[in-house]
Structure formats: structure tokens, C-alpha cells
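Peer 1: Residue numbers (the working numbering), protein chains in the order written: chain A, 1 to 174; chain B, 175 to 414. Note that beta-carbon positions come from the ideal geometry of N, C-alpha and C, so glycine has one too. Computed from a prediction, not measured in an experiment: that's the story for all the values here. Got a structure here, written out as C-alpha cells. Questions coming.
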């Protein structure tokens, strides 16, 4: 009874501390050097047009920036850029919105924040995912395989680590 | 006054949840009943997020077009690879009450909101009958399709929340990347698609959202169960 009461009280306080107020995260914009600015100008139209309204820094793996077959879905708050590879789908996403605010006194989320890493590699329903936060926005890279049990891109981290390792800033509007 | 109100809320809520833990709740007259959020079955299937009744996605539409639907474990249910022997189509699997399976044991999936640190990132839902490619999954809110993989379809709602629909039949999908959807619009038929290795017939549904705390933020898979219970009640009552 006592445990149940404390548990319920904990989640009542959690629910109370979640203000259910979504909004836009503060973006700390990086400065582009000349070489980066020059590179941005040379990207394929599908990319430059697709992200022209996006109001957060856009990251993409350098191996794929010139791929004309990319599919871009975006608006000012997010982007989603996907590539159909042989036997797999590759997805780069970025988002500047949040849906909930939690009090800094919330112990559960304090622990989550304390454990935040620059990048986190994990699996989600056999989809390999890299998740990271930069400039205040949230990003992810996902690889989904047609043969998730045997394709090394989805069974080992090497491929996704490689993708994360060579991401570059390709645009975004202040 | 506020203190008294909070105290009373906690007291009443506690009393109710004590009752809920003993018997499933049936608030409709259509036989629908469900165990409280976080009550996983069997108990060896993991530690659910008991007591978290917060509706993370208020007002969403139920992700399967028509009732009945049954939310329970694929892994630990009859015929599941860690469940009692029998057919995946056993009547036991296609019956109320619902059982939450968010945070069910999955050692490889990072889950900051599960006490083990890993776990099932969404919930599994069976359709009315054990037949694939018969029942439609639909958009839970207005949004845009951001990604279609071999066995996942991703919808970004206007709320900014991301919903994933897994195991739909890829050959008959009703959507394409970049397509704007209205709440309730058909996405695809629930099946057993998981690329080269089929799974059981069900919809895996999960919800990801960003939570801000101080100057930090984190995108996490949040518990869908309570939101789905509310959505399902609306569906049963005829105003999904």
C-alpha cells in the first residue's frame, strides 16, 4: 500500500511537473567558414531546395550530399532526408521543437539529463539509430534493413558510426 | 487551498489505482476492459511504468481504423517466442482485457523511461481477427509522412510528435514520403512484415517526442498506453 502510494505520488508529481507546453528550442548557430559556404552552394538542387525553409542547422553524411536520389521532407521546424540504398533505407533527421517541459527538479529527468552523451548508438525494432543533440536541436540517423537479422549495417554499429563520423553541416536558415 | 486540492487528488487517485490493480477496468458497455498502465503480463516480461497515467498524446485517433483491437504482448502471449505454447491466433490473444507492453524486456533497445534502461519502445496491437492485410492502420493526427522503410512508416504529427507504424504490408501502402495526411486517413494494412524475417500479425506503434528540461532536451519514446486507452474509448463510442 505504502509503495503504491509513493509510486502514485511520484507520477502525480511528474505529471504535475510536465507543463504540456510545446515550443521551439533555442538554437546556437555555428559559424560557417568560407570553404563550408562554398560547398553549400554546390549541393544538388533537391537538397538546397528541400531544406531552404529549415530553421535549424542541417546535417548530412558527406558520403551522401551529392546523391540526387535523396528524398527531402521538411518545414521550418524539422527535416527528414532519406536515401534508398541497396537493401536498406537511410534516414537523417533534425528537429527544433519540443512537446513537453519538465521541471529541473524532476529527479527522473535529472538523471536522464545527467546521463546524456554527445551521441548515443542503439537499436530500435532492429533499426540502427544514432541520436545526438547539437546547437540545441535534436538529430538522428537511422538505418533500416530489408534483412535486419543478417545485414551488417543493422547488426553491427560500424556502418552507423561511420555515417555519424562524417556528418557535415549542409545548410539551414537562421 | 491548492495544497488541500492536490492532497485530495492524490488520495482519490491512489484509491482508484488500488482498485484498478485488482481488476481490469471496463468503462464502456462493449466489453472493453484493460489493466492499468505499466501492468505487464506475465510479471516476468519486464517492469512496466506503473502509475504513469499521463496522457502524452491527448486527443489522438486510435491507430487502427476499426474496433475491436487487442493490445497485448506478442513475445509473451500464446505462441510468442517466450510465451505459452500454442497458436499465435489463439483466442486468448484476441480478447480483452488489454495489457500494456511498453517497457517489456528488450535488452538492445535503449529506453531512458524504463526502469531497466532498456525495453520495448512502443506497444503491440492485434487487429480484430488473426488475418493479415485486412485491417487498416490510420493516421493518429494530422501530419506528414517523413519516412517509409522496409517495415516502418513514420508520421510526424503537427504536434511535432513522431509516430511509427511497423509491420504494415509494404506492397499496399496508401501513402508516400512527403504526403500530408488528415487524422484518420488510411496508411496501410496491418500485416507481419519485418523484411526478410516475418513477424506475427500485429501493429507495433510507438511515439517519440522531445522533452525539455532546463537548457537541455532529449527525444524519447514516451508511453503510448494511456493515450491509446483514451483513443480506443472514443472509437468505441463512435466519435474517434
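What's the call for residue 64 of chain A, buried or exposed, on a 16-neighbour Cβ count within 10 Å?
Peer 2: That one is buried.
Peer 1: Where does residue 121 of chain A sit, in a helix, a strand or coil, going by DSSP?
Peer 2: Note: residue 121 of chain A maps to strand in three-state DSSP.
Peer 1: For residue 286 of chain B and residue 231 of chain B, I'd like the C-alpha separation in whole angstroms.
Peer 2: Cα to Cα, the separation comes out at about 18 Å.
Peer 1: So what does DSSP say about residue 304 of chain B, is it helix, strand or coil?
Peer 2: Here residue 304 of chain B sits in coil by DSSP.
Peer 1: Examine chain A for any beta-carbon lying closer than 8 Å to the beta-carbon of residue 283 of chain B, and answer yes or no.
Peer 2: Yes, because at least one Cβ of chain A sits closer than 8 Å to the Cβ of residue 283 of chain B.
Peer 1: For residue 73 of chain A, decide whether its Cβ has a neighbour in chain B, counting only Cβ atoms nearer than 8 Å.
Peer 2: True, the Cβ-Cβ gap to chain B drops below 8 Å.
Peer 1: Does residue 120 of chain A have its Cβ less than 8 Å from a Cβ in chain B?
Peer 2: It does: the Cβ of residue 120 of chain A has a partner Cβ on chain B nearer than 8 Å.
Peer 1: Report yes or no: do three or more beta-carbon pairs, one from the stretch 122–133 of chain A and one from the stretch 145–156 of chain A, lie closer than 8 Å?
Peer 2: Yes, the stretch 122–133 of chain A touches the stretch 145–156 of chain A.
Peer 1: Inspect the CB distances between the stretch 285–300 of chain B and the stretch 321–336 of chain B and report whether three or more fall short of 8 Å.
Peer 2: Too few Cβ pairs lie closer than 8 Å, so no.
Peer 1: Where do the ends of the alpha helix (DSSP H) carrying residue 48 of chain A lie?
Peer 2: From DSSP, the alpha helix (DSSP H) with residue 48 of chain A extends over 45–50.
Peer 1: Under 8 Å, Cβ to Cβ, is there at least one residue of chain B near residue 58 of chain A?
Peer 2: No, no contact with chain B.
Peer 1: Any idea what DSSP makes of residue 35 of chain A, helix, strand or coil?
Peer 2: Residue 35 of chain A: helix per DSSP, three-state reduction.
Peer 1: What residues match up with residue 284 of chain B in a beta bridge as DSSP calls it?
Peer 2: According to DSSP, residue 284 of chain B bridges with B/292.
Peer 1: Per DSSP, residue 145 of chain A forms a beta bridge with which residues?
Peer 2: Note: residue 145 of chain A sits in a beta bridge opposite A/88.
Peer 1: Using a Cβ cut-off of 8 Å, which residues of the stretch 39–70 of chain A contact any Cβ in chain B, in chain order?
Peer 2: Listed in sequence order: no entries.
Peer 1: Are the stretch 295–302 of chain B and the stretch 344–352 of chain B touching by the rule of at least three beta carbon pairs closer than 8 Å?
Peer 2: Contact between the stretch 295–302 of chain B and the stretch 344–352 of chain B is absent, because fewer than three Cβ pairs lie under 8 Å.
Peer 1: Can you find a CB in chain A that lies within less than 8 Å of the CB of residue 297 of chain B?
Peer 2: It does not: the Cβ of residue 297 of chain B has no partner Cβ on chain A nearer than 8 Å.
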